[in-house]
């Protein structure tokens with residue numbers, strides 16, 4: 001079936017190389033691929049369906065480059081605590097009781113939230129990833145998934161985890177009609193020995209997959225790596241050979257200039273988890289310096305346990321205002337640069353920039369429409385400014401992934417919201433004893 | 001007419017002294033006053049109207065303690081510029097062309113946005129305040145208004161401005177059925193001479209009104225005051241006698257410990273404009289220290305030209321995460337403390353804590369209801385955490401001010417939104433030449 005659809009009468013923010021904006025624009029797609037972007041064509045007769053965007057903003061779906069979707073049970077369960085107490089007394093004991101069923105419904109809650117707020121692609125690092133992958137397949141979202149591997153416990157346990165991660169990565173790469181791609185993921189240098197990380201990197205090399213790893217989230221972590229290995233985290237990971245694979249780092253809050261040069265040399269990507277890092281009191285990543293070094297920076301929410309939502313529009317505004325404020329430079333990270341971080345930079349960080357991250361002919365039709373019939377978007381000056389500085393994911397009205405509509409009039413079409421709320425409430429009770 | 005109404009089946013977040021939360025709660029009001037707060041009563045027969053809150057969250061309307069509502073025309077008109085260029089080339093030339101008609105429709109756009117996002121009381125500092133007051137009267141919101149006085153120009157001009165400010169403050173105090181109260185407002189120490197500020201303070205004393213003034217927003221401003229008057233801003237204002245009147249400061253970003261002690265001694269209130277201060281690269285106010293000194297801190301959006309919206313839920317989350325991040329202390333400013341800043345502290349900062357800022361019997365019925373039938377509010381753990389960390393003003397479903405419903409199902413009942421958008425677009429064209 002090859003239906004030709006066109007959305008007309010919207011302001012199209014392409015986020016292409018020239019940052020083209022078409023103020024009375026149209027975008028057409030067929031078989032999931034974008035076939036036209038530009039002014040509204042005179043003749044629409046060749047299209048099977050014409051959708052009226054009613055002057056709304058149309059932009060690429062946002063890309064959330066770090067998270068743990070099954071952790072949504074823990075949103076608001078414990079806040080404002082010291083990090084260690086939060087982890088050891090609140091997060092870990094409950095997560096230990098997770099079954100695959102918990103993982104599944106936690107992932108659904110997160111996917112529901114992401115689709116509702118205009119995220120069309122997300123990165124997930126957790127375990128029981130088959131459950132997450134199935135939720136991705138079913139819900140119609142796009143994801144880059146990895147079984148995050150923590151190296152504690154026995155040799156057998158480590159071996160079986162690596163096997164599980166490898167099998168998952170192999171089986172699901174290019175799954176769900178191409179909407180799922182995979183990575184290999186040693187959780188971090190403080191939870192995996194260098195030898196174990198090396199094994200994971202070797203497996204990634206065999207499968208020709210990238211690496212996703214937490215790095216330098218807190219000062220404590222950096223000190224621990226230095227104490228144990230006599231090296232700063234970037235040099236430690238470099239020495240193990242991690243960066244020989246394409247690598248996406250989560251956090252990178254505490255990084256020296258020398259380390260940045262290494263990251264730039266290997267084209268390592270950084271997922272900036274700006275809100276989670278503030279809330280957990282980890283600090284603020286030196287994004288100004290990363291950008292000056294040419295490092296690709298994208299945006300991640302981290303899990304809703306430390307955020308506490310997955311509305312990436314919050315990260316979008318935060319990245320455009322926070323660095324201005326702490327650097328005393330109101331020209332730093334413009335609205336346009338922030339929007340690139342949440343879209344095309346996100347795609348580059350997942351090595352998917354050929355297919356997503358901007359609205360261009362030949363790319364896949366991951367499209368969101370923002371309802372601008374609200375006070376936040378008036379007067380109608382600069383659309384990109386309004387999206388970044390005045391907008392909210394709550395204002396997203398419609399979402400298409402690979403040409404298929406998954407959100408309509410602010411309602412997620414592919415997930416039964418009431419059932420998700422019910423299952424999550426029911427299953428949470430089994431976590432808390 | 002004395003209709004007795006009761007809202008039932010909601011989670012009531014009172015923000016009273018004990019921070020009581022009633023998870024299956026009810027709130028009743030009559031003649032604009034709250035008559036009952038607690039568990040749902042068994043007998044509802046004495047009420048004329050019973051409103052079902054369907055498990056949603058019910059809390060006091062938020063209080064925005066600093067802004068310039070008529071500036072809404074300039075949202076997204078100029079961003080990411082150096083402060084001086086932004087002011088001198090973009091803001092001031094357009095504001096100079098404002099007529100009373102511009103002021104009116106700009107205020108309506110801001111009030112529309114505030115009501116829609118759960119702010120029931122706002123502070124406004126601008127000129128042509130009669131227009132703003134009429135918009136407040138008509139729209140049903142509550143406000144504390146002042147004609148902000150800039151002391152440039154001739155003696156006659158200064159005299160006429162002071163007269164205008166005084167007349168406005170006198171005429172409108174306790175106007176609009178008590179929903180409007182007023183202040184006197186020298187714009188700042190860098191736009192008014194000490195003599196002129198003194199005259200304004202004298203006028204405030206005669207009318208028994210408080211003072212609202214910008215202070216120490218940027219480092220440049222602090223340096224200028226030191227250069228001109230040989231004193232830090234707090235000492236300068238103290239020497240003029242400003243703090244002999246109840247005073248609400250906007251910004252207070254750059255304040256020394258010695259200055260804080262003076263502010264604490266005089267019980268001066270601080271409106272923390274956390275997002276505007278970041279976006280304009282002014283810096284971050286030392287809220288941790290203010291709180292330790294016992295200074296009352298509330299939240300302000302500043303205008304939508306530097307924010308760029310008036311959704312105070314953004315300030316609510318920001319104040320609870322930013323100070324954690326920069327102080328490396330995840331226990332700093334809990335969700336509950338942040339919510340108090342946006343409600344009861346706001347009321348205290350306007351000397352209105354006897355009538356608004358919390359849901360308590362005898363106070364006025366300024367109530368908002370948040371639609372929790374959305375993924376952000378699940379699982380239903382701590383309501384205050386969800387409101388602060390996961391919520392958005394976009395989720396506000398219903399708003400009552402002084403017992404009158406002004407927002408229903410996310411629609412502002414008292415303002416014609418389409419007309420506001422039309423007038424603002426039309427009038428903006430006359431500003432830009």
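Residue numbers (this note's numbering), protein chains in the order written: chain A, 1 to 433; chain B, 1 to 433. Even glycine gets a Cβ: it sits at the ideal position worked out from N, Cα and C.
Length of the line joining the Cα atoms of residue 216 of chain A and residue 252 of chain A: Looking at the two C-alpha atoms, the distance is approximately 5 Å.
Contact check, residue 335 of chain B vs residue 396 of chain B, beta carbons under 8 Å: no
Whole-Å CB distance - residue 438 of chain B paired with residue 377 of chain B, under 8 Å assumed: Nothing about residue 438 of chain B can be reported from this structure: the residues present for chain B run from 1 to 433 only.
First through last residue of the beta strand (DSSP E) which encompasses residue 401 of chain A: 396-401
Spatial neighbours of residue 26 of chain B in its chain, beta-carbon cut-off 6 Å, leaving aside the 5 residues before and after: 6, 8, 40
For residue 235 of chain B and residue 259 of chain B, believed in contact at Cβ under 8 Å, the rounded distance: The pair is a contact, with the Cβ atoms about 7 Å apart (cut-off 8 Å).
Chain-ordered chain A contacts of residue 275 of chain B [CB-CB under 7 Å]: 321, listed in chain order.
Element boundaries [alpha helix (DSSP H), containing residue 442 of chain A]: Residue 442 of chain A falls outside the range modelled here, since chain A spans only 1 to 433, and no answer is possible.
Opening and closing residue of the alpha helix (DSSP H) in which residue 278 of chain A lies: 274-279
Where residue 307 of chain B falls: helix, strand or coil (DSSP): coil
Buried versus exposed, by CB contacts within 10 Å (16 or more), residue 271 of chain B: buried
Within chain B, the residues that residue 380 of chain A reaches when beta carbons sit closer than 8 Å: 425
Contact set between residue 334 of chain B and chain A, taken where Cβ atoms lie within less than 8 Å: 79, 80
Residue 159 of chain B versus B:302, B:228, B:192, residue with shortest Cα-Cα distance: B:192
Segments assigned alpha helix (DSSP H), at least 4 residues, entirely inside the stretch 120-194 of chain B: 129-139, 155-172
Start and end residues, alpha helix (DSSP H) containing residue 106 of chain A: 100-116
C-beta atoms of residue 61 of chain A and residue 120 of chain A nearer than 8 Å: yes
Under 7 Å by beta carbon: chain A residues contacting residue 375 of chain B: Residues of chain A passing the Cβ test: 109, 112, 113, 116.
Outcome for residue 116 of chain B when other beta-carbon atoms lying within 10 angstroms are tallied against a minimum of 16: buried
Residue environment, residue 92 of chain A, which counts as buried when at least 16 other CB atoms sit within 10 Å: exposed
Residue 157 of chain A versus residue 343 of chain A: straight-line alpha-carbon distance, rounded: It is roughly 38 Å from the alpha-carbon of residue 157 of chain A to the alpha-carbon of residue 343 of chain A.
Nearest residue (CA-CA) to residue 52 of chain A, options A:69, A:46, A:24: A:24
Extent of the continuous alpha helix (DSSP H) to which residue 323 of chain A belongs: 312-327
Cα-Cα separation, residue 3 of chain A to residue 48 of chain A: Roughly 6 Å between the two C-alpha positions.
Where the beta strand (DSSP E) containing residue 243 of chain B begins and where it ends: Careful: residue 243 of chain B lies outside any beta strand (DSSP E) and carries neither H nor E.
Nearest residue (CA-CA) to residue 304 of chain B, options B:78, B:22, B:50: B:78
Residues that DSSP places opposite residue 11 of chain A in a beta bridge: Listed as beta-bridge partners of residue 11 of chain A by DSSP are A:57.
Beta-carbon gap between residue 453 of chain A and residue 100 of chain A smaller than 8 Å: With chain A running from 1 to 433 in the structure shown, residue 453 of chain A is simply not present.
Cα-Cα separation between residue 319 of chain B and residue 341 of chain B, rounded to whole angstroms: 9 Å
Test: residue 329 of chain B CB closer than 8 Å to a CB of chain A: yes
CB contact flag (residue 168 of chain B, residue 143 of chain B, <8 Å): In terms of Cβ geometry, residue 168 of chain B and residue 143 of chain B do not form a close pair [threshold 8 Å].
Supposed close pair residue 268 of chain B, residue 247 of chain B - CB separation, criterion 8 Å: Correct: roughly 5 Å between the Cβ atoms.
Residue 67 of chain B: contacting residues in chain A (beta-carbon distance under 7 Å): Those within 7 Å of residue 67 of chain B in chain A number zero; the least Cβ separation is about 14 Å.
Rounded C-alpha distance that separates residue 425 of chain B from residue 28 of chain B: 41 Å
Within-8 Å CB hit, residue 309 of chain A to chain B: yes
DSSP beta-bridge partners of residue 4 of chain B: Beta-bridge pairing links residue 4 of chain B to B:30.
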